[in-house]
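Per the working numbering, the very first residue in the sequence shown carries number 91; after that it's consecutive. Only one structure is covered here, and it is reproduced in the block below.
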Amino acid sequence: MVTVDKAQIAQRQRKLEKVRRELKQEFVGIDAIIDELITYIQIWYLMPEVLARPVIVNLWGMTGVGKTDLVRKLVRKLAYQDRFAEVELSNSDNNSYYSWKHSVGGILESSGLNDGKPAIVLFDEIQRFNTVDIEGKPILNERFQDFWELLSDGRLARRDTKEDITNYLDNYLYSSSQRRKQSAMPPNPDEPQGPDVIGLWDARTLKKLFDFDESIHELAEMKHDDILKMMLARRKQKRIYEAADHSKTLIIISGNLDEAFSMARETSEADVDADIFHAYTKKLTLVDIKVALSRKFKPEQVARFGNIHLIYRSLRRRDFEKLIEMEITKIKARNLQHFGVELDLAPAIHTLVYQNGVFPVQGVRPVFSSITDVIEANISRFMFQALMVGGRRIKLDYDFAKKELIADVHKVGVVRAPYEGRVDRIRQGNDPAVTACVSVHESGHAVAYAVLFGLAPLQLKSKVASTYAGGFTFPHQIFMTKQTLAQKIKVMLAGGLAEELIFGDSHASIGREHDREQVTMLACDYVRKYGFVSDYQGYYSNNPSYPLNTELTDSAIEEMIRQLATETRDMLCHHQGFLLALSVDLQKRGSLAAAEIARIAKRFGMKLDVKEESHLHVPDYQKWF
Numbered sequence: 091m092v093t094v095d096k097a098q099i100a101q102r103q104r105k106l107e108k109v110r111r112e113l114k115q116e117f118v119g120i121d122a123i124i125d126e127l128i129t130y131i132q133i134w135y136l137m138p139e140v141l142a143r144p145v146i147v148n149l150w151g152m153t154g155v156g157k158t159d160l161v162r163k164l165v166r167k168l169a170y171q172d173r174f175a176e177v178e179l180s181n182s183d184n185n186s187y188y189s190w191k192h193s194v195g196g197i198l199e200s201s202g203l204n205d206g207k208p209a210i211v212l213f214d215e216i217q218r219f220n221t222v223d224i225e226g227k228p229i230l231n232e233r234f235q236d237f238w239e240l241l242s243d244g245r246l247a248r249r250d251t252k253e254d255i256t257n258y259l260d261n262y263l264y265s266s267s268q269r270r271k272q273s274a275m276p277p278n279p280d281e282p283q284g285p286d287v288i289g290l291w292d293a294r295t296l297k298k299l300f301d302f303d304e305s306i307h308e309l310a311e312m313k314h315d316d317i318l319k320m321m322l323a324r325r326k327q328k329r330i331y332e333a334a335d336h337s338k339t340l341i342i343i344s345g346n347l348d349e350a351f352s353m354a355r356e357t358s359e360a361d362v363d364a365d366i367f368h369a370y371t372k373k374l375t376l377v378d379i380k381v382a383l384s385r386k387f388k389p390e391q392v393a394r395f396g397n398i399h400l401i402y403r404s405l406r407r408r409d410f411e412k413l414i415e416m417e418i419t420k421i422k423a424r425n426l427q428h429f430g431v432e433l434d435l436a437p438a439i440h441t442l443v444y445q446n447g448v449f450p451v452q453g454v455r456p457v458f459s460s461i462t463d464v465i466e467a468n469i470s471r472f473m474f475q476a477l478m479v480g481g482r483r484i485k486l487d488y489d490f491a492k493k494e495l496i497a498d499v500h501k502v503g504v505v506r507a508p509y510e511g512r513v514d515r516i517r518q519g520n521d522p523a524v525t526a527c528v529s530v531h532e533s534g535h536a537v538a539y540a541v542l543f544g545l546a547p548l549q550l551k552s553k554v555a556s557t558y559a560g561g562f563t564f565p566h567q568i569f570m571t572k573q574t575l576a577q578k579i580k581v582m583l584a585g586g587l588a589e590e591l592i593f594g595d596s597h598a599s600i601g602r603e604h605d606r607e608q609v610t611m612l613a614c615d616y617v618r619k620y621g622f623v624s625d626y627q628g629y630y631s632n633n634p635s636y637p638l639n640t641e642l643t644d645s646a647i648e649e650m651i652r653q654l655a656t657e658t659r660d661m662l663c664h665h666q667g668f669l670l671a672l673s674v675d676l677q678k679r680g681s682l683a684a685a686e687i688a689r690i691a692k693r694f695g696m697k698l699d700v701k702e703e704s705h706l707h708v709p710d711y712q713k714w715f
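Rendered as structure tokens:
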């Protein structure tokens with residue numbers, strides 16, 4: 091029976107709650123993730139002795155959302171730095187610090203974690219350790235295969251250790267025999283006699299191999315024959331050959347699953363609203379993660395990841411704004427502490443950082459870079475002027491019209507310096523002709539979306555940080571049916587077709603590339619996966635378990651896309667007035683919100699619903715009951 095130390099558990103509970111609060115203060119937009127993580131690790135931290143298998147927690151999210159950093163700070167706050175290993179498994183042989191190791195057991199052994207005591211192990215970027223390729227075929231890889239043993243029951247066979255134990259015993263037995271022979275011979279005064287102790291180097295290795303209770307320094311001072319007796323006794327007990335027990339280990343797996351976070355591949359555009367991306371990632375569920383994992387790993391391996399999957403949502407606009415505010419506060423504090431100069435940054439500076447630093451699918455890293463570029467690099471020039479005359483305050487503002495930084499430096503006066511954000515420079519540098527093309531393209535998508543779904547897109551932008559129009563992002567959740575799948579294809583086709591309608595075929599741009607890629611993918615799923623074409627009722631895929639010739643469906647897919655393109659072109663012709671009006675307003679203003687799009691549509695007799703990002707568009711199935 092396990093003895094419960096109530097006082098110790100209460101103390102650990104208080105420590106865990108303190109860690110929860112501190113993490114929430116240091117991270118932005120992931121309070122729910124922190125709450126879940128702390129909840130799931132409670133049993134491991136409070137009462138690890140009752141665990142019979144390791145606790146496995148999976149963290150999934152797009153790049154730059156704070157997965158790895160959260161784990162590192164958790165380790166530091168729990169004071170587990172000496173019981174922590176960060177491992178990056180991969181199919182490559184040379185991209186890891188541990189590339190010379192071929193087993194997880196070897197890595198944990200070298201980290202001193204194979205002793206059965208509580209520890210934390212982070213397996214980062216796990217998507218690089220995929221065991222099946224894009225066609226579902228197994229990938230031959232013999233490295234780190236004991237990773238799956240670890241996830242199964244937390245026990246790792248000591249495959250490498252057995253050979254090492256035998257080698258050390260043979261060496262020490264031979265050395266002992268040689269010493270006995272040498273002792274029977276007359277001593278040679280010319281031959282130096284060193285100390286008969288094993289030394290520090292062997293002590294480290296032998297402590298790990300034989301799991302000695304003595305400290306390394308105690309072992310280092312022991313004589314060879316004494317340590318040999320201890321080694322033989324350990325071998326006789328057989329315990330050193332038993333599997334390493336990691337049932338008390340907290341295993342955290344982290345990765346980027348592009349198969350689940352498909353929007354991460356669709357665009358890295360700085361001009362798409364952060365709240366739209368956030369709403370998109372809110373739709374992801376445990377099932378989506380398992381499906382994505384099944385495209386990377388074998389079914390039995392997916393099961394070993396367990397069911398504790400924490401899904402990071404992309405940050406909302408207010409999260410990015412809070413992050414910028416926090417970083418600016420740190421800059422103010424540093425400058426006041428180091429130079430004695432007080433900084434006052436106007437709201438326009440915050441806006442400047444946001445406009446040039448927020449790429450929603452890339453997380454927080456671009457924001458930090460933009461803060462350095464916009465604020466710290468420019469503050470230095472004004473700081474120098476203030477220090478030269480003993481100034482104690484700098485007020486910094488920005489004039490968007492004149493593209494100038496305005497610094498009111500104490501004892502110096504107002505100093506103006508030309509500055510334009512890197513992304514703003516690209517947006518403002520858009521040629522009017524290019525802006526017109528992008529406006530028509532995006533308006534084409536918007537008109538099709540409005541006509542087919544009765545919804546106003548949440549945003550349209552024509553002055554963007556790219557030469558061509560980006561892929562259209564569906565701002566609402568569309569319940570997938572035979573009809574809505576075909577409608578989504580039409581929406582994707584509408585951008586390029588709108589250009590053809592307004593500018594003529596020969597002047598249509600290549601901004602349709604991503605659209606057509608998505609169209610092809612959706613049409614393939616329509617025919618091959620969902621069986622919505624009566625002539626093809628099998629599941630056509632590259633799965634070797636049930637292969638069907640996908641080429642048989644190519645003509646049906648092409649015919650379907652051709653027919654939908656014709657219908658979309660006719661629809662745009664019918665609503666050409668709405669298309670032109672929307673394009674003109676978008677070109678003039680650079681961006682349009684949902685309410686503004688709905689007002690323009692109303693002029694042409696269309697009533698559009700303005701819904702929030704998380705709105706679910708689904709047929710009213712209950713009316714058939």
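Note that CB positions come from ideal geometry on N, CA and C, so glycine has one too.
### Query
So, using beta-carbon positions, are Ile398 and Val165 closer together than 9 angstroms?
Not in contact: Ile398 and Val165 (Cβ atoms no closer than 9 angstroms).
### Uninterrupted alpha helix (DSSP H) stretches inside the stretch 653-691 (no shorter than 4 residues)
Runs found: 666-679.
### Task
Look up Gln577 in the DSSP assignment and say whether it is helix, strand or coil.
Assigned with DSSP and collapsed to three states, Gln577 falls in helix.
### Query
The beta strand (DSSP E) spanning Pro522 covers which residue range?
DSSP places Pro522 outside any beta strand (DSSP E); the residue lies instead in the alpha helix (DSSP H), whose first and last residues are 522-543.
### Query
Taking all protein chains shown into account, do 16 or more other C-beta atoms lie within 10 angstroms of the C-beta of Arg455, making it buried, or fewer, making it exposed?
The residue is exposed, with fewer than 16 neighbouring Cβ atoms inside 10 Å.
### Message
Going by DSSP in three states, Ser201 sits in which element: helix, strand or coil?
### Response
Coil, per DSSP.
### According to DSSP, residues forming a beta bridge with Ser344
Partner residues in the beta bridge of Ser344, as assigned by DSSP, are Leu149.
#### Entry: Touch test, the stretch 436-455 against the stretch 402-416, Cβ-Cβ under 8 angstroms, three pairs minimum
Judged by Cβ distances under 8 angstroms, the stretch 436-455 makes contact with the stretch 402-416, as three or more pairs qualify.
### Given Leu545 as reference, the closest of Leu698, Ser624, Leu662 once Cα atoms are compared
The residue with the shortest Cα to Cα distance from Leu545 is Leu698.
### Message
On the criterion of 16 or more Cβ atoms from any shown chain inside 10 Å, does Asn185 qualify as buried, or is it exposed?
### Response
Because Asn185 sits at a pLDDT of 46, beneath the cut-off of 50, its placement in the model cannot be relied upon, and the following sentence gives the value as read from the coordinates. By the neighbour-count rule (16 or more Cβ atoms within 10 Å), Asn185 is not buried but exposed.
### Query
When burial is assigned at 16 or more other CB atoms within 10 Å of the CB, is Lys386 buried or exposed?
Burial check for Lys386: the Cβ neighbour count within 10 Å reaches 16 or more, so the residue is buried.
### Query
On the premise that Pro144 lies in contact with His336, defined as a C-beta separation below 8 angstroms, what is that separation, rounded to the nearest angstrom?
Contact holds; Cβ gap of about 5 angstroms.
### Task
Sort out for me which residues DSSP pairs Leu246 with in a bridge.
Per DSSP, Ala334.
### Query
For Ala209 versus Phe234, is the C-beta distance shorter than 9 angstroms?
Taking 9 angstroms as the cut-off, the beta carbon of Ala209 is found no closer than this to the beta carbon of Phe234.
### Message
Suppose you measure from the CA of Gln227 to the CA of Ala382; what does that come to, to the nearest Å?
### Response
Per the sequence presented here, residue 227 reads as Lys, with Gln not at that position. Distance between the alpha carbons of Lys227 and Ala382: 15 angstroms.
### Complete runs of the alpha helix (DSSP H) confined to the stretch 364-389 [at least 4 residues]
Within the stretch 364-389, the complete alpha helix (DSSP H) runs of at least 4 residues are 364-372, 376-384.
### Task
Any chance you could list the beta strand (DSSP E) runs of at least 3 consecutive residues sitting entirely within the stretch 124-175, in chain order?
Whole beta strand (DSSP E) segments, 3+ residues: 145-150.
### Query
Should the stretch 705-714 be regarded as contacting the stretch 567-587, the criterion being three or more beta carbon pairs within less than 8 angstroms?
Cβ pair count under 8 angstroms is three or more, so yes.
### Query
Going by the beta-carbon positions, is the gap between Ser266 and His314 smaller than 9 angstroms?
Cβ distance < 9 angstroms, so Ser266 and His314 count as in contact.
### Task
Tell me whether Gln235 sits in a helix, a strand or coil according to DSSP, three-state version.
Gln235: coil per DSSP, three-state reduction.
### Query
Nearest-angstrom Cα distance between Lys96 and Leu486?
Each residue's CA atom was taken as its position, placing Lys96 and Leu486 some 55 angstroms apart.
### Query
If you count every other CB in all the chains shown that lies within 10 Å of the CB of Phe117, and 16 or more means buried, which is it?
Around the Cβ of Phe117, a 10 Å sphere holds 16 or more other Cβ atoms; the residue is buried.
### Query
Apart from the five residues on each side of it in sequence, which residues of its chain come closer than 6 angstroms, Cβ to Cβ, to Leu400?
For Leu400, same chain residues with a beta-carbon under 6 angstroms away, outside a window of 5 residues either side, are Ile123, Glu126, Leu149 in chain order.
### Message
Let me confirm a value: Asp292 is counted as buried when at least 16 other C-beta atoms fall within 10 Å, else exposed. Which label applies?
### Response
Burial call: buried.
### Query
Buried or exposed: which applies to Gln712, given that a residue is buried once 16 or more other Cβ atoms fall within 10 Å of its Cβ?
Gln712 is exposed by the Cβ-count criterion.
#### Entry: Outcome for Met473 when other beta-carbon atoms lying within 10 angstroms are tallied against a minimum of 16
Buried, by the Cβ-count rule.
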